Amino acid sequence: MSAADAARKLPGRTFSSPGERTVVSPKADGRTGPAAPAQGARAAQGEWNPIIDLYAVTPDARGLELRTIIHPPYGSSPTMDVTITWGDGKTDTFSATPDGTGSDLRTTKHRYASVGTYDVKVTVKDTVQGLEASNQVQVVTAGAEFTPHAPTRLLDTRSGIGAPATKVPARGTVALKVAGTAQVPTGVSAVALNVTVTNTTADGHISTAAWKNLAEESDSSSLNYVAGQTVPNMVLSGVGQDGYVYLFNAGWQPVDLLADVTGYFTPTVASGYKAVTQTRAVDTREGLGAAKGQVPGLSTFDVQMTGRNGVPTAGVTAVALNLTATGPQDAGHLIAYPSGQAAPTTSNLNFTAGQTVANAVIVPVGADGKITIRNGSWKPTDVVLDVVGYFTPDSRAALVSGYAPLRLLDSRKDGSWGGRKAGPLAARSFFAMRHEADTHEPRVDAWVLNTTVTNTSGPGFLSVTPDPNFWSDYQNGTPTVPQRPVSSTLNWEAGQTVAGVAQTPGGKGGIVDIWNQGWQDIDFLVDLLGYYQSI
């Protein structure tokens, strides 16, 4: 499945107001009030009032498609004047003319200037009988903007936070209440979580989704683990209308789960996303952005995020980063948090001695535009930090997450990637994942992808970057060879299955490159979690 096809399958919200809610003033008998229902019963009941059925869908971040079905009364004028009031101060008008079914059916499109909740009203005037009928429906845009949240633990099955103090059983699900918890508001549509699995005794993976059955039936994994391993990963998950996120233990042995919130998305004006060219901001091996040399155990250092690496000097609420630990001398963890605050009791990634491990993070920035990195190990480690984007009230790029995750690609299955037969991604090569551009597809500012590597026979790392070509360049055999990136989305060792989130634009032609930076072939999977859209 192409990214474009998957984007169409991320359904927006649907809303309706049936015809029995139509209000007529005055009615044929001089009274006002609801119209009589049931179109098919009109002749028997002597129905003389208009009926308006409304159905609405939000196909992209700020768009609305309103389907109106207008059933005119008997003896009405050949055409009736219709006004749509969109709830943002704008209106559309048209003349309703019954077709062969005796009704006027049409779809009218509208685009809002910002995300939000809007009251849409449709008014029909029949000048012959002196009737005016109306129906209305409240709609909520599919797009949502970001509000950073101080890293806060919502779930810890070891201590009973957010769930009973017991391991999540094999093939078991945790219902995590997000909305209305720890100052996360109701009406939240998606949430940024750092999810960690620990106390594992066998291999398995964790799936997350806005609905219980989707989490339990999904092919997607938010993070993978083996016996004795503690693994974190950033999860960007939709939140169900009940305010919950569901976490499913797909393994055959119990595990403990932790989840820390770092921000949330609501259909209200807050901060939109801006992707930047992935840029290395810190590399302690070279003295880039921090002192040269490994970060001592149980110590911190600050990183200036604003005014550097494509991030503006002001108006930034949070930054999207890839955080990597490499060459650690002992087991431990890294924490990223706003400067000027106490270190939270959360972790962004965990490592063992000698391991290189990366994780995507969304970190609120401090008042001085900095973040703080803490090495929670007793021994030193090197730290690498790459900037991939930032959130600002100056951007209107809102997240559309729908009922994600959706599987885009699985190299183990025939036809899954570019029509190819099943087979691994060759060592030191890349696959250009096409984002088909057509007039029916929403223009996308950045994709949110969950990438997974498996069947690994040696160490390596995966990079996800925008491609510099148009698809026609590949069709014509004249593409520019993309420059090999140096940053990693995820890292692996031989025999590991590892997942990691990438937030990336699609390049000028809407193409995303998936790079195998290892020296052995790998299988890989890509799942769509959502996309940012500013139209």
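According to our numbering, the residues represented by the sequence shown are 346 to 880, in order. Every residue, glycine too, gets a C-beta built ideally from N, C-alpha and C. In this text, all values refer to a predicted model and were calculated from it rather than measured experimentally.
Residue from the options with nearest C-alpha to residue i
i, options, result
"valine 427", "Thr452, Thr446, Asp433 and Arg407", "Thr452"
"methionine 579", "Leu568, Ala572, Lys715 and Pro395", "Leu568"
"glutamine 865", "Thr541, Thr849, Gln848 and Phe806", "Phe806"
"aspartate 628", "Leu730, Asp398, Ala620 and Asp587", "Leu730"
"proline 884", "Ala705, Thr697 and Ala743", "Absent from the model: residue 884. The displayed extent of the chain is 346 to 880, so no value can be given."
"threonine 842", "Ala688, Thr801, Val708 and Leu874", "Thr801"
"isoleucine 859", "Tyr819, Met778, Gln828 and Lys853", "Met778"
"alanine 687", "Gly408, Thr359, Ala495 and Ile396", "Ala495"
"glutamine 560", "Gly851, Gly585 and Asn539", "Residue identity check: residue 560 is alanine in the sequence provided, not glutamine. Of the listed residues, the one whose Cα sits closest to alanine 560 is Gly585."
"valine 369", "Val467, Thr442 and Thr413", "Val467"
"glutamine 820", "Pro804, Ala839, Val831 and Gly854", "Gly854"
"leucine 643", "Ile680, Val857 and Ile415", "Ile680"
"threonine 645", "Ala670, Thr671, Val656 and Gly721", "Gly721"
"aspartate 449", "Pro417, Thr438, Gln700 and Asn480", "Pro417"
Residue i versus residue j: straight-line alpha-carbon distance, rounded
i, j, result
"glutamine 649", "asparagine 695", "23 Å"
"glycine 583", "alanine 703", "23 Å"
"phenylalanine 776", "tryptophan 816", "13 Å"
"serine 566", "leucine 499", "20 Å"
"glycine 364", "alanine 478", "11 Å"
"alanine 749", "aspartate 471", "45 Å"
"proline 577", "leucine 794", "16 Å"
"arginine 366", "threonine 436", "21 Å"
"serine 552", "isoleucine 429", "42 Å"
"proline 612", "proline 404", "14 Å"
"serine 756", "tryptophan 837", "17 Å"
"serine 879", "valine 485", "16 Å"
"valine 733", "lysine 715", "16 Å"
"glycine 863", "alanine 604", "30 Å"
"leucine 633", "threonine 651", "16 Å"
"leucine 753", "glycine 549", "21 Å"
"tyrosine 457", "aspartate 433", "7 Å"
"glycine 488", "glycine 617", "10 Å"
"proline 514", "serine 504", "16 Å"
"threonine 825", "threonine 624", "21 Å"
"arginine 516", "leucine 411", "41 Å"
"alanine 712", "arginine 829", "35 Å"
"alanine 510", "glycine 573", "20 Å"
"leucine 873", "leucine 751", "5 Å"
"threonine 621", "threonine 492", "Looking at the sequence provided, one finds valine at residue 621 rather than threonine. The straight-line gap from Cα to Cα measures roughly 19 Å."
"phenylalanine 869", "threonine 545", "24 Å"
"proline 827", "proline 813", "6 Å"
"glutamine 700", "alanine 665", "23 Å"
Per-residue DSSP class, three states only, for residue i
i, result
"glutamine 848", "strand"
"alanine 782", "For alanine 782, the pLDDT reaches just 41, beneath the cut-off of 50, and the residue's location in the model is therefore unreliable, leaving the point undetermined."
"glutamine 674", "coil"
"aspartate 872", "strand"
"tryptophan 864", "coil"
"tryptophan 762", "coil"
"serine 817", "helix"
"arginine 773", "coil"
"glutamate 410", "strand"
"serine 879", "coil"
"glutamate 477", "strand"
"arginine 741", "coil"
"arginine 788", "coil"
"glycine 364", "helix"
"aspartate 755", "strand"
"tyrosine 735", "strand"
"tyrosine 400", "strand"
"alanine 524", "coil"
Contact check, residue i vs residue j, beta carbons under 7 Å
i, j, result
"tryptophan 792", "tyrosine 735", "no"
"threonine 543", "aspartate 601", "yes"
"threonine 717", "aspartate 790", "no"
"threonine 497", "valine 606", "yes"
"valine 798", "isoleucine 867", "yes"
"valine 460", "glutamate 490", "yes"
"glycine 608", "isoleucine 707", "yes"
"valine 640", "valine 728", "yes"
"alanine 535", "phenylalanine 610", "yes"
"asparagine 667", "alanine 635", "no"
"tryptophan 431", "valine 465", "yes"
Short CB-CB distance (under 7 Å) between residue i and chain E
i, result
"leucine 602", "Although the question refers to chain E, the structure presented lacks it and comprises just one protein chain."
Inset, instruction - Kindly provide the ranges of any beta strand (DSSP E) runs that are 3 or more residues long and lie completely inside the region 550 to 621, ordered along the chain. - result: 568 to 570, 576 to 583, 589 to 594 and 601 to 611
Inset, instruction - Go through the region 685 to 723 residue by residue and report every complete run of the beta strand (DSSP E) that reaches 3 residues or more, in order. - result: 694 to 696, 702 to 709 and 715 to 720
Legend entry - Every unbroken alpha helix (DSSP H) within the region 491 to 521, with a cutoff of 4 residues, ordered by chain: none
Inset, instruction - Output the residue ranges of the alpha helix (DSSP H) runs that lie fully inside the region 627 to 674 and measure 4 residues or longer, sorted by chain position. - result: none
Inset, instruction - Starting from the N-terminal side, write out each stretch of the beta strand (DSSP E) that is 3 residues or longer and does not extend beyond the region 526 to 552. - result: 535 to 543
Inset, instruction - Any chance you could list the alpha helix (DSSP H) runs of at least 4 consecutive residues sitting entirely within the region 414 to 479, in chain order? - result: none
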